[in-house]
Each structure stands twice: as structure tokens, then as C-alpha cells.
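So the sequence shown is residues 157 to 446, counted in my numbering. From the three backbone atoms N, C-alpha and C, an ideal C-beta is built for every residue, glycine too. Working notes, structure below.
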Amino acid sequence: MPRTTKHRSRTTVRQPGQHLRDESEAIFAWWSFLIGFTGAMVWASLWGWGKIVLGYSFGLRDLMWMTGGSLCILLYGIFFGKASFRSLRNILIGMEGEITVGAMLEDLRKHDYIIMHDIPIVSSTGITSKGISGLMERSSVVANIDHIAIGPAGVFAFETKMRSKPKDKAMPAKITADANGRLLVAGFPQEPDPRSQAKQIAKELGRIIKHRTDMHLEPRPVVVFPDWWVEETINPKGANEGAWVLNPSRVFAWITTETRIAANRDTALDPSEIKRIAAALTDHIHANSN
């Protein structure tokens, strides 16, 4: 039996890149603690040695322990700082991309689409490859769907990919595919292929919707590369044939085209179905957000 979607007076609104924002805040919080604690330890050690230099008695053994601890913490801080700086840089770049894509998707609202951001995918205690019968509230989040668009043409799951453009101007700053269909970024194959990740995320989204609404849908996976030129001929033309790869500025045109096709085929979702799916996903966010 599908889970009944209950009306909630409170709405959980997640912003584009929210999980990345949460990660960056956690890093900043740890930095603040580490800097403050290290500063206190170093100051105490210097104060103790100053006492000895000035002829005051001070527990030398305790001072040695304090000095050693200060050095260990300082070395750890340097090591952690270098590693976390790289991680933080990647997080901020990813967050910038998700915010950019989220803003561009807002144009779809005037075509009766509902836009949602940062939808959690839960661990094996919830969605699994074997099915969804074991879905539990407050399961641990193992991934996030960057953006979802729900509208007349169906459900679209977006995966944002930020890539640095090549410094060598002779290299093609575009997204293409080789003869074997492998995705190429500036001429280099992507391993793993982002389309595979997007397909898996879309599949998990379909399972969540099926569990909560009993509606069988196949969300369209979409990989977006902000600031990159994308050769759109690499994309499948038929419905549900595979993942799209697009520049975010082209998403509106592709989805509105799909909307017209769905209307002509009489396969478009009606407003009540769109709202039902959105309400079910809102419940899912409530159940799996910290």
C-alpha cells in the first residue's frame, strides 16, 4: 500500500546546494575550534616558559607536556588546514554551480512546473536495489539530488557538474562524446560517466515517488555543466532513452519542448498529479532532514 501523504502546516524548503552549505559550515566551525584551542595552548606554553626565564618556579614536567601537546595540535592543524582547504574550495565551487542551475530552473515555474532542491537519498535502511519495502523515517542520507522539476512533461532529476576549463587555449572547452559514446570534457573521457550517476539518482527518485504515491514514473536524468558549451547531438531523442547532458541555459528550451510533446501525445501529468508528487517529496524531505 502506498504511504498516505498528510497535509503539513510547515514546509521544509531546501535551497540549492544546501548540503554543500552545511558541509562548509561544519568545516568553518571545526576551524574556529581548532584555531581557538591551539591559540590557547600555545599562549599557555609561552606563558609558562616566560615564567621560567624570569626565574619563577613552574612545573617543568607539566610545561613539557603542554608544549608537546601544543606542537602536536599545531601540526595537526596545518595538515588538516591544507586538506580541508582543498575540500572547502571544491565545496564552494560546487555550491556556486548548484545555485546557478537552481536560479535558471525558476523560469520553468511559469510553465506549471514545481522546482525542488537538495532532495536527500537515504541509505540501505531505506531505498535499496532490492526494493523500497524497508523505507524507514530518519534514515541516514547518503546522497542528494541537486534539483527536481515536476511538471506536465514528467519529473526531471538534475545533477550539476562543475569542471575547470583547460588553461591551454588549444584544447576544446566543450562537452562532446567519442565514437563509443563516452562523454568527453575538453577531450578527456569522464570516469565514472556522470550520466551513469544521474541515471542512478533518477532511478532512486522514481522509487521514492512509487513508494509514497504508488505512481510509476521514470524521471528523466539531466546532467548540467555550467559555463560549458555542450554538443547537444550527443543526447538521446526518444522519451526516457537516457540522460540529457546540457548547459543550464538550455534546460528551459529542452523541457518546454518535452512539455509540448507530452501534450500532443496526451501523456502530460495533470495539475493534481504534479501537486501530489511534490507533496510526497516534501514529506520525504521532512522525514529525512536533520
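When DSSP states are grouped into helix, strand and coil, LEU425 belongs to the coil group. The beta carbon of ARG338 lies closer than 8 Å to those of PRO345, GLN346 and ASP349 in the same chain, with the five residues before and after it left out. Per DSSP, the unbroken alpha helix (DSSP H) holding ALA419 starts and ends at 407-420.
Counting only the Cα atoms, VAL401 lies some 14 Å from ASP334.
Closest in C-alpha terms to ASP268, from the list VAL379, ALA305, ARG368 and ASP370, comes ALA305. Listed as beta-bridge partners of PHE314 by DSSP are HIS303 and VAL378.
One Cα belongs to ASP302, the other to PHE312, and the distance between them is close to 11 Å. Here the alpha carbon of PRO427 sits roughly 18 Å from the alpha carbon of ASP263. The C-alpha of ARG351 is placed about 24 Å away from the C-alpha of HIS440.
PRO377 sits buried, since 16 or more C-beta atoms from the chains shown fall within 10 Å of its C-beta. PRO392 carries a coil assignment under DSSP once its states are collapsed to helix, strand and coil.
In the structure shown, the three-state DSSP call for HIS372 is coil. Annotation: ALA435 to MET272 spans about 11 Å, alpha carbon to alpha carbon. In this structure, ARG319 is the residue among ALA342, ARG319 and LEU425 with its C-alpha nearest to the C-alpha of GLU252. A residue is called buried once 16 or more other Cβ atoms fall within 10 Å of its Cβ, and GLU414 is buried on that count.
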